[in-house]
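There are 2 protein chains.
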Amino acid sequence: MNPTIKDVAQKANVSIATVSRVLHNLGGYSDKTKQKVDQTIKELKYQPNAIARGLINKRTQTIGVLFPDVSSAFSSDLLHGIDEFVHNHNYSVVVCNTDQDGKRTLKYLQLLREKQVDGILFSSEVLKKEYYDLLEDMRVPVVLISSQTDFPNVPYVKIDDFQAAYDAVDYLVAKGHRRIAMISGTKGDPIAGTPRIEGYRKALEAHGIAFNSRYLFYGDFMYESGSRAMKTILKKAPEVTAVFAASDEMAIGALSTAAQHGLNVPEDISIMGYDDLRLARMVNPPLTTVRQPLNDIGMIASGKLIDMIESGEIAQSQICAHSIVERQTVRTIT
Amino acid sequence: MNPTIKDVAQKANVSIATVSRVLHNLGGYSDKTKQKVDQTIKELKYQPNAIARGLINKRTQTIGVLFPDVSSAFSSDLLHGIDEFVHNHNYSVVVCNTDQDGKRTLKYLQLLREKQVDGILFSSEVLKKEYYDLLEDMRVPVVLISSQTDFPNVPYVKIDDFQAAYDAVDYLVAKGHRRIAMISGTKGDPIAGTPRIEGYRKALEAHGIAFNSRYLFYGDFMYESGSRAMKTILKKAPEVTAVFAASDEMAIGALSTAAQHGLNVPEDISIMGYDDLRLARMVNPPLTTVRQPLNDIGMIASGKLIDMIESGEIAQSQICAHSIVERQTVRTIT
DNA sequence: CAGGCAAACGTAAACGTTTACTCAAATAGG
DNA sequence: CCTATTTGAGTAAACGTTTACGTTTGCCTG
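Line order of the protein sequences matches chains Z and X. Quick note on the numbering used here: the first sequence kicks off at 1 and runs consecutively. Quick note on the numbering used here: the second sequence kicks off at 1001 and runs consecutively.
Take a look at the structure:
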């Protein structure tokens, strides 16, 4: 249907090898032939077939990206960075939405294997043994995003969750708060759960504030759960002056609930988020939060992955810098 | 490296044709051979190579999706629906972020061609002649999302923008508003711009309210532009009682600005959005808006595209139903 | 002017499948 | 028991590239 390299060769009266050579600037042909070939390529509007190429050099110039939820603001910020970097380096991205479902994840991994992707980016999920085994089998480089693992040869890029939470709470304390509640992520989550809780505890302790389990609440990172948690905070621990949420979405849920209960933020209660999604700037008042540079993280992870693909060497994990972005949901208590 | 069909054939003492046959349940082999083959497939952990398969049947089971901005909430809602449908039908998705840049778009189209995608989903952008020509050349089915075209053989799926805007304004009028401003999208945008403005005008006229160009403002669908527009509304047309924004993001920008100017929404001014992104529920007060069923639109468009790929026939365009979702940013004026 | 060498190009195998064609053995029909 | 048909299987071409290797030509050197 589409013209092939063979068509070009025939029309230009050369062999396909020659066409291939001029296509790749490999030398071994005269200027005259180059001209002739270039010319007929234009005439026929010839486009190389990446599939055929992939078959022979065992490279598809494609990477697979797995997200627990593509439609979340978190994932799409990451995806933006990934897409940009990856395309700039002549790769493409195929996205898969795991829905946090092990079966689905495994299925997608199989799919990516069949499609011969050159590497895999695995985001925001813990790398289970069964995933790891399959990945090992595939002999394909993997890098984790916003996650972490002890399995060998799997670098990750993320921020320091413990430190970020610590800094957030430290910030709150510096602003004069002492009765600080936390809306944590999913209970037992070893990546985005426990470390952030630990950061919260340790920061409290460092300032001589006893950890009070009545001030610790669990959500699932989503808006509704933040909203629910805030309701119980308001009921059971109304003396709290500040709430630290382990995600912006939960923080915003808390914010709305507070407002709906007639509280002013930050006058009556301070709220601090985690992530710095685009959202955080858009709510009102704008959310003070700890920033994960998601776009950069996406780019860095892609960079590492492509390095691994092209060099065959294992990249180093990287901890990116977080920062606190002060907006208007935290007040100073005097 | 990985075992191929040939390895399986050798180990099982059959020909590769036989292996291929049992792989595809084509019949023409005894139970005994099937068992033997299935067995060795398991032993070798054989996985078919989709690249080789793609080369021969000229199908990659992959579709390309172009977004102006993958990281927008709008795109990611669409992507969610697309991803789900597409994967359920044994295709994969490769995403491209055009940044609304013609050069980039063309480049991606080329890329998708080289990668031999089976079809293309083109979202939220007008199909320029140069894109269309290239697409024609590629001989690949295309369907437009949230866009429209007169070019033949390119179906689209979207809502009725004129009617949706009309209904929104009609709703506002029914609530007693008469001085209604509009924050429109990009000036001259033939899809998401003009028709919505027309809906606004016509709805006004239908109720005997004269269109007043002082009440029409232009943004670019993004948060900041809504915010800016609101500022000028407040300054130049403070008598306005309701603002209809052509996107949720702009509506939310307007909302924040109103709040920052000490106005209560909806008591002092009503605001209505357009899209019903996840965001709309999260701001506060929750945004009244006209809903585009983005997830469904993504699924429907994917369905049409896959139909076209598999049947070779051109699908019908489809206008999806919009609806007004009442939340708390519009008040009744008596 | 023979010999050698580089430049310019062609030949063909390989990548891992699918599938049209062929063929032998088994079975069925008369 | 012989022929016709079906069943079970193998052979090889094809998909569109890349690339190792081979071949031809012309030119330079001694």
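Ideal Cβ positions, reconstructed from N, Cα and C, are used throughout, including at glycine. These figures come from a predicted structure and were not determined experimentally.
Closest option to Q39 of chain Z, judged by alpha-carbon separation, among Z:A9, Z:Q260, Z:V265 and Z:I120: Z:A9. Counting only the Cα atoms, Y1171 of chain X lies some 16 Å from D1275 of chain X.
Under the 10 Å beta carbon count, D31 of chain Z is surrounded by fewer than 16 other beta carbons and is classified as exposed. Using a CB distance cut-off of 8 Å, M1 of chain Z counts as an interface residue toward chain X. DSSP, read as helix, strand or coil, puts R1331 of chain X in coil. Taking a contact as a CB-CB distance under 8 Å, the pair S225 of chain Z and S256 of chain Z does not count as one, their CB atoms being some 13 Å apart.
The beta-carbon separation of S1213 of chain X and T1241 of chain X, rounded to 18 Å, does not stay under the 8 Å limit for a contact. With its beta carbon less than 8 Å from one in chain X, Y223 of chain Z belongs to the interface.
Cβ-Cβ distances below 6 Å link I1309 of chain X to D1118, G1119 and P1141 in the same chain, with the five nearest sequence neighbours on each side left out; the list follows chain order.
Inter-segment contact for the region 231-246 of chain Z and the region 259-273 of chain Z is present: three or more beta-carbon pairs are separated by less than 8 Å. At least one beta carbon of chain Z lies nearer than 8 Å to the beta carbon of N1049 of chain X. Between G1176 of chain X and I1333 of chain X a beta carbon distance of about 3 Å is seen, short of the 8 Å cut, so the two are scored as contacting. Taking C-beta atoms as the reference points, V95 of chain Z and V1143 of chain X fail to come closer than 8 Å.
Contact annotation: Y1029 of chain X and L1066 of chain X have beta-carbon atoms that are not nearer than 8 Å.
With respect to the C-alpha of K42 of chain Z, the residue from Z:E84, Z:A17, Z:P285 and Z:L23 having the closest C-alpha is Z:L23. The C-beta of S92 of chain Z comes closer than 8 Å to at least one C-beta of chain X.
By the 16-neighbour rule on beta-carbons within 10 angstroms, D77 of chain Z is buried.
For R1053 of chain X, there is no enclosing beta strand (DSSP E); the enclosing alpha helix (DSSP H) has its first and last residue at A1050 to N1057. Not a single C-beta of chain X is nearer than 8 Å to the C-beta of G273 of chain Z. For the 8 Å CB-CB criterion, T149 of chain Z and E125 of chain Z do not form a contact. Annotation: Cβ neighbours of A1052 of chain X in chain Z (cutoff 8 Å, chain order): L55.
DSSP lists Z:M182 as the bridge partner or partners of L216 of chain Z.
Spanning the alpha carbons of V14 of chain Z and I5 of chain Z requires a straight line of approximately 11 Å. Taking C-alpha positions only, Q316 of chain Z is separated from T1329 of chain X by approximately 50 Å. Distances from the alpha-carbon of I180 of chain Z to those of Z:N153, Z:I209, Z:F221 and Z:D133 put Z:I209 closest. Identification of residues in the region 1242-1256 of chain X having a C-beta nearer than 9 Å to some C-beta of chain Z yields E1249, I1252, G1253, L1255 and S1256, given in sequence order. Apart from sequence neighbours up to five positions away, the residues of its chain that approach V283 of chain Z with a beta-carbon distance below 7 Å are I252 and L255, ordered along the chain. The three-state reading of DSSP puts D1248 of chain X in helix, counting H, G and I together. In the three-state reduction of the DSSP assignment, D150 of chain Z falls in the coil class, being assigned neither a helical nor a strand state. Q35 of chain Z sits exposed, since fewer than 16 C-beta atoms from the chains shown fall within 10 Å of its C-beta.
For R1113 of chain X, the chain Z residues whose C-beta falls within less than 8 Å of its own C-beta are Q47, listed in chain order.
Closest option to L1277 of chain X, judged by alpha-carbon separation, among X:E1267, X:Y1223 and X:S1302: X:Y1223. A residue is called buried once 16 or more other Cβ atoms fall within 10 Å of its Cβ, and I145 of chain Z is buried on that count.
Boundaries of the beta strand (DSSP E) around Q318 of chain Z: Q318 to C320.
For the alpha helix (DSSP H) assignment, the uninterrupted runs of no fewer than 4 residues enclosed by the region 1222-1307 of chain X are, from N- to C-terminal side, 1223-1236, 1248-1260 and 1278-1282.
For the pair A164 of chain Z and M272 of chain Z, the CB atoms are not nearer than the 8 Å cut-off.
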